[in-house]
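Report on the structure given below.
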Amino acid sequence: MQQIEWDDFIKVEMRVGQIIKAEVFEKARRPAYILHVDFGEEIGVKKSSAQITQLYQPETLIGKKVVAVINFPKKQIGPIQSECLVTGFHNEQGHVALCVPDQDVPLGTKLL
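Each residue of the sequence shown is one higher than the one before, counting from 357 in the numbering used here.
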């Protein structure tokens with residue numbers, strides 16, 4: 357495992373956002389959703405493509421708080437531009453489980 361310096365870590369803007377809209381990404385090569393994530397007044401709403409279809413349905417995602425990287429460059433994924441990376445972990449079956457705060461924290465809060 358490569359070690360990083362503290363200065364490398366603090367460059368990554370991981371923030372708490374709340375999913376306000378989730379829809380099937382019809383044109384994705386692999387099953388995915390388009391998520392619209394609200395990071396609060398200062399940052400606003402950002403879109404992300406997420407391959408989380410095995411464990412979640414769009415309607416169950418609405419209102420869920422997630423941890424996302426918001427300072428990557430935008431990435432074109434088919435017809436949409438992904439503006440953030442919603443984080444998660446692979447379970448034993450290889451399905452992605454979202455990384456979520458276990459307590460209520462304000463939108464836009466930075467991971468420390």
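For each residue, glycine too, the CB sits at the ideal point set by N, CA and C.
Assigned with DSSP and collapsed to three states, PHE365 falls in helix.
Collapsing the DSSP output to three states places GLU379 in a strand. Closest by C-alpha distance to GLN407, out of GLN437, VAL442, GLU448, is VAL442. Following the DSSP letters along the chain, one finds LEU417 inside the alpha helix (DSSP H) bounded by residues 414-417. As the crow flies, the alpha-carbon of ARG385 is around 11 angstroms from that of SER405. Within the same chain, PHE381, ILE390, LYS403, SER405 come within 8 angstroms of ILE436 by CB-CB distance, once the 5 residues on both sides are set aside.
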